[in-house]
Structure formats: C-alpha cells, structure tokens
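Just remember that my numbering sits 85 ahead of the position in the sequence shown, which is counted from 1.
Where a beta carbon is used, it is the ideal one built from N, C-alpha and C, also for glycine.
Remember, it's a predicted structure, so these values are computed and weren't measured experimentally.
The next block holds one structure in the form of structure tokens; read it before the comments.
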Amino acid sequence: MKILSAFPKPSLLKKQGSRISLVTSTAYILLYLTSIILSGCGPAEIPASSDTANPSRTTESPQAVESPSDTPEPVTPAVVLAADETILDANFLSSLSHQLQEQGFALNIQSSLDSSALPSGIQYLLTTSTSDLLSVQNDLPDLPILSLSAVHGENENTQHLLYTNAYHQRAAFLAGYTSAFLTPDYRTGYVDLVGSEISGLFDAYGNGNTYYCGHCSPQYPPYIDYPAYVQLSEPYTSEKISAVLSTLQQESVTTVYLHPFIHSEELNQSLKDAGLKLIGNQLLIVETNPLFDLIIGPDSSAVTEEILPALTQGVIPEPLSPPAGVLINSGWISDGRMQHLDEIIKMLNEGSILPVE
Numbered sequence: 086m087k088i089l090s091a092f093p094k095p096s097l098l099k100k101q102g103s104r105i106s107l108v109t110s111t112a113y114i115l116l117y118l119t120s121i122i123l124s125g126c127g128p129a130e131i132p133a134s135s136d137t138a139n140p141s142r143t144t145e146s147p148q149a150v151e152s153p154s155d156t157p158e159p160v161t162p163a164v165v166l167a168a169d170e171t172i173l174d175a176n177f178l179s180s181l182s183h184q185l186q187e188q189g190f191a192l193n194i195q196s197s198l199d200s201s202a203l204p205s206g207i208q209y210l211l212t213t214s215t216s217d218l219l220s221v222q223n224d225l226p227d228l229p230i231l232s233l234s235a236v237h238g239e240n241e242n243t244q245h246l247l248y249t250n251a252y253h254q255r256a257a258f259l260a261g262y263t264s265a266f267l268t269p270d271y272r273t274g275y276v277d278l279v280g281s282e283i284s285g286l287f288d289a290y291g292n293g294n295t296y297y298c299g300h301c302s303p304q305y306p307p308y309i310d311y312p313a314y315v316q317l318s319e320p321y322t323s324e325k326i327s328a329v330l331s332t333l334q335q336e337s338v339t340t341v342y343l344h345p346f347i348h349s350e351e352l353n354q355s356l357k358d359a360g361l362k363l364i365g366n367q368l369l370i371v372e373t374n375p376l377f378d379l380i381i382g383p384d385s386s387a388v389t390e391e392i393l394p395a396l397t398q399g400v401i402p403e404p405l406s407p408p409a410g411v412l413i414n415s416g417w418i419s420d421g422r423m424q425h426l427d428e429i430i431k432m433l434n435e436g437s438i439l440p441v442e
C-alpha cells in the first residue's frame with residue numbers, strides 16, 4: 086500500500102517552480118505594458134489658456150488706441166491796460182489786478198497801444214492814451230474800450246471815464262484850502278478852461294480859500310481879492326500862455342491851480358520857470374507831471390470798485406464821483422500839516438463840508 090505524501094516530490098517542485106516563475110514574469114510584463122497603454126489613453130492635461138494653444142476659441146482683435154487730439158488750452162479772459170507801467174498809480178494798479186484776479190480775469194499791461202500785440206483772450210481794453218485808438222478800433226471794431234485819460238471826445242465808440250461835477254468841485258475846494266494853507270499872504274490863483282462843461286470850480290476853489298482864511302486879505306500890496314482868476318482856451322498857443330502868465334504875475338500870484346482838463350507842458354513849464362507853485366490833477370492813472378508841487382486826485386480803490394462791472398460784465402459805468410485826496414506831495418506839506426489836511430479831506434468827502442452851496 087502506497088502512502089501518498091501531502092507534499093510533492095522535490096523533483097516535481099523544481100519543474101513546477103520554473104513554470105511558475107515564467108508565468109509570473111510574463112504577467113508582470115503584461116501588467117506594465119497595460120498600465121502604459123492605459124495612461125496614454127487617459128484624459129489629457131488642459132494647457133494654460135492661450136489663444137494659440139486653443140484655436141477653437143474666438144479671439145478679439147486688439148482695439149487701436151487713439152492718440153489724444155491737440156486740445157487747445159483754455160484761454161484766460163484778459164483785460165489789457167495800455168499804459169507806461171512806470172507812471173501808473175501803484176495803489177490803483179494793485180487794487181485793479183487783485184480784484185480782476187478774483188473775478189477770473191488776467192490783467193495784461195502793455196506799454197504801447199498795438200492791436201497786433203493784444204492777447205487772444207482780450208475782453209476789454211483800458212488805455213491812458215487816445216493817440217492810437219483809431220487804428221485799434223479799425224482792427225478790432227467789437228472790442229470795448231474804456232479811456233482813463235482826461236482828454237476826451239477824439240474817437241467814436243470809446244467810453245471816456247469822466248468824473249462828475251461833484252467830484253471836481255470837491256477837488257477844487259481841496260486845492261483852494263491847501264493853496265491858502267500853504268501860500269504866504271494868500272496870493273492864490275486859478276486858471277480856468279474856456280468852454281468846459283464842468284461848472285462851479287472857481288467858486289469851489291474860492292470857498293476852499295475862505296474856509297481856511299476867511300476874507301484872505303493880504304498884508305502887503307497889491308491889495309486885491311484872492312484868488313485871482315484867468316482863463317485859457319484851446320489851442321494852447323504861446324501867445325495865450327504868455328497872457329495867462331502875465332496876468333498872474335501882475336496880481337502877484339505865487340500858487341496856481343489848473344483846471345483838470347488843461348494839459349499843456351508849455352504852460353506848466355512857463356509857470357514853473359516864473360517861480361509859481363503848481364497844483365494839478367490826476368484823474369486816475371495819467372502821467373504824473375514832475376512840475377506839479379501838489380496833485381489832487383481820487384481814491385484809486387474806490388475807482389476800481391466803480392469800473393469793475395465794466396470790465397467783468399460789460400457795463401459801462403456812469404461818470405465817477407470818488408473821494409478826493411492829495412495824491413502827490415513833493416515835500417511842500419509837512420507831516421504835521423498833512424494830518425490837519427487829512428481831517429479836512431475826511432469831512433469834505435463825508436459831506437460835512439460843501440464845496441459849493
């Protein structure tokens with residue numbers, strides 16, 4: 086009886102082991118190849134978004150960037166002042182420039198009146214000269230022009246900023262008071278302009294004399310009633326000027342006040358050469374005559390406030406009646422006397438003193 090062992094024979098195990106090893110190796114190879122094939126058939130990686138990598142995607146052409154057009158810079162509206170800056174009233178100029186700037190305007194100062202040199206944004210023209218106005222009006226017929234000169238009536242379409250009769254009377258009174266205040270023996274005189282529309286200036290000048298010295302009687306001959314009065318008519322010829330000077334000398338006048346619209350360098354020089362003290366006027370920003378010993382004029386800031394609507398809104402102001410005062414004092418009036426005179430100026434402008442009753 087054969088007893089079957091539960092374990093195979095060694096020889097049999099050897100043969101079977103070789104076969105198993107071959108099968109196992111083959112199985113591993115097949116498994117490896119299968120994994121490679123399966124990995125190649127798997128889902129592909131999605132590449133990063135790119136127009137070239139994904140041709141099916143609709144792409145938009147880049148918009149062309151338009152270069153900005155040359156937009157002109159905004160032009161600041163300008164008010165041109167044609168005058169020599171060296172002879173401008175400094176207070177008026179400062180006040181005018183400041184107030185225009187607050188209104189959005191630029192003040193452009195030019196030494197000469199030339200239409201080709203005016204800025205493109207000009208809204209208004211101020212000028213102290215009337216000699217070249219006609220050419221400017223021909224070149225720029227729609228340009229508003231405001232003349233600050235005392236000379237008037239030469240050109241059409243130009244508004245002249247004349248002062249009211251009341252202002253001129255206050256100025257004449259102040260000149261009369263100052264004349265008597267400063268002149269030895271009260272020997273004062275007044276040169277009037279024939280045909281002037283201003284009235285009552287000689288009366289105002291005489292009232293100024295009287296307000297200071299009463300009857301103003303001289304202590305020494307000639308014993309005449311001052312102030313002396315003499316007239317001058319246009320044109321201002323040498324013969325007329327000589328006649329005026331002769332009359333003043335005959336009456337021993339030593340201080341003379343000139344009508345505000347008399348402009349004659351020959352007259353001024355003749356009077357000065359004869360040793361007379363001259364009191365003149367400066368209506369706003371005209372040339373200050375070095376021959377004048379005293380200049381009566383308006384308060385510049387008050388004038389600026391009056392003419393500002395004309396410059397910013399095109400509203401021509403009525404003739405002005407600003408406060409009058411002493412603008413130029415060549416040293417003729419001491420500081421102490423000037424303080425006294427300031428009180429008279431204050432009462433005069435407030436209406437406490439009436440130049441003509």
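Measure the Cβ-Cβ separation of N193 and A168 and say whether it is below 8 Å. no
Using only the alpha-carbon positions, how far apart do I364 and V388 sit? 21 Å
Comparing C-alpha positions only, which one of I380, N292, I429 sits nearest to W417? I380
Close Cβ partners of F92 (< 6 Å) along its chain, the five nearest in sequence each way excluded: With a pLDDT of 40 at F92, under the threshold of 50, the modelled position of this residue cannot be trusted; read the value that follows with caution. Same-chain partners within the cutoff: there are none.
Given a cut-off of 8 Å, decide if I230 and L246 are closer than it, judged by their beta-carbon atoms. no
Count the other CB atoms, across all protein chains shown, that sit within 10 Å of the CB of K431; report buried if there are 16 or more and exposed otherwise. exposed
Comparing alpha-carbon positions, which option in V221, A251, A359, S318 lies nearest V338? A359
Residues in its own chain within less than 6 Å of Y209 by CB, not counting five upstream and five downstream? V164, P229, L396
Looking only at its own chain, which residues have a Cβ that is under 7 Å from the Cβ of Q188, when we skip the five neighbours before and after it? T397
For C301, tell me which candidate among P394, T268, I401 has the shortest Cα-Cα distance. T268
In this structure, how does DSSP classify Q334 when only helix, strand and coil are distinguished? helix
With distances taken from CA atoms, which of P204, T213, D199, S232 is nearest S220? D199
For the region 315–390, list the alpha helix (DSSP H) runs that are entirely contained and at least 4 residues long, ordered along the chain. 323–335, 350–358
Can you tell me whether T263 is buried or exposed? The criterion is at least 16 other CB atoms within 10 Å of its CB, across all chains shown. buried
DSSP-derived helix/strand/coil call for L210: strand
Please indicate yes or no: does the CB of L333 lie closer than 7 Å to some heavy atom of the ligand MN? With respect to small molecules bound, the structure shown includes none, and the ligand MN cannot be examined in it.
Counting only the same chain and skipping the five closest in sequence on each side, list residues whose C-beta sits under 6 Å from that of E391. P402, L405
Ordered along the chain, which non-local residues of its own chain (more than five positions away) have a Cβ less than 8 Å from that of S197? A167, D217
Tell me whether T397 sits in a helix, a strand or coil according to DSSP, three-state version. helix
Can you give me the Cβ contacts of T332 inside the same chain, cut-off strictly under 6 Å, excluding the 5 residues immediately before and after it? V315
Just to confirm my understanding: we take P407, look at its own chain, exclude 5 residues before and 5 after, and list those with CB closer than 6 Å. What are they? P383, D384, A387, V388
Indicate the three-state DSSP secondary structure (helix, strand or coil) for H300 in the structure shown. coil
Would you check if the distance between the CB atom of G261 and the CB atom of N223 is smaller than 8 Å? no
Beta bridge counterpart(s) of L278 as assigned by DSSP: L317
If you pair each beta-carbon of the region 320–328 with each one of the region 296–310, do three or more pairs fall below 8 Å? no
Proximity of F485 and Y271 at Cβ, strictly below 8 Å: Look at the range of the chain in this structure, 86 to 442, and you will see that residue 485 is not part of it.
Nearest CA to the CA of H253: which residue from Y342, F377, N414, L361? Y342
When T340, P306, A313, H183 are compared against F377, the one with the closest alpha-carbon: T340
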